[in-house]
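Residues in the sequence shown are numbered consecutively from 9, following this note's numbering.
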Amino acid sequence: MNVLKPIVGQWYRGITNELFEVVAIDEQDETIEIQYFDGTIAEMEFDAWNEHLLDDLIDTADAPEDWSGAVDVETEDLDREFEDNPKIAWASPNDRSLRR
Numbered sequence: 009m010n011v012l013k014p015i016v017g018q019w020y021r022g023i024t025n026e027l028f029e030v031v032a033i034d035e036q037d038e039t040i041e042i043q044y045f046d047g048t049i050a051e052m053e054f055d056a057w058n059e060h061l062l063d064d065l066i067d068t069a070d071a072p073e074d075w076s077g078a079v080d081v082e083t084e085d086l087d088r089e090f091e092d093n094p095k096i097a098w099a100s101p102n103d104r105s106l107r108r
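This is the structure we're talking about:
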């Protein structure tokens, strides 16, 4: 049997290759709250977690590099322009406290 305890903040990969993160564990209700990469929240009982482990349906995974999975905002909708180069104005220590 694959022993893999759910850890809050840890990412896992399910059988259909979907990424999810454990966001809460309720010991009293014996449930695990998970959030899929697309933002969907679900709840899994301890018994279901263990059954998935028995069938090798859950494995640990690295956190996705693309943090925008659960965010429904396009870059154009952020109403700002992104620059690759930092502004030179930050070179002076006096300017730092005045700029935001």
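Don't be surprised by glycine CBs; every beta carbon is placed ideally from N, CA and C.
Since the structure is predicted, the reported quantities are computational estimates derived from the model, not experimental observations.
Closest option to Asp46, judged by alpha-carbon separation, among Asp34, Glu38, Glu29, Ile33: Glu29. When DSSP reads this structure, Ala69 sits in a beta bridge with Trp19.
Within 10 angstroms of the beta-carbon of Ile40 lie 16 or more other beta-carbons, which makes it buried. Secondary structure note for Phe54: its alpha helix (DSSP H) is the uninterrupted segment 54-62. When C-alpha distances from Ile15 are compared across Ala50, Ile33, Phe54, the shortest belongs to Ile33.
C-alpha of Trp57 to C-alpha of Asp74: approximately 26 angstroms in a straight line.
The beta carbon of Gly22 lies closer than 7 angstroms to those of Phe28, Leu65, Ile66 in the same chain, with the five residues before and after it left out.
DSSP places Glu35 outside both helix and strand once states are collapsed to three, so it counts as coil.
Residue environment: Ile49 is assigned as exposed (fewer than 16 neighbouring CB atoms within 10 Å of its CB, all protein chains considered).
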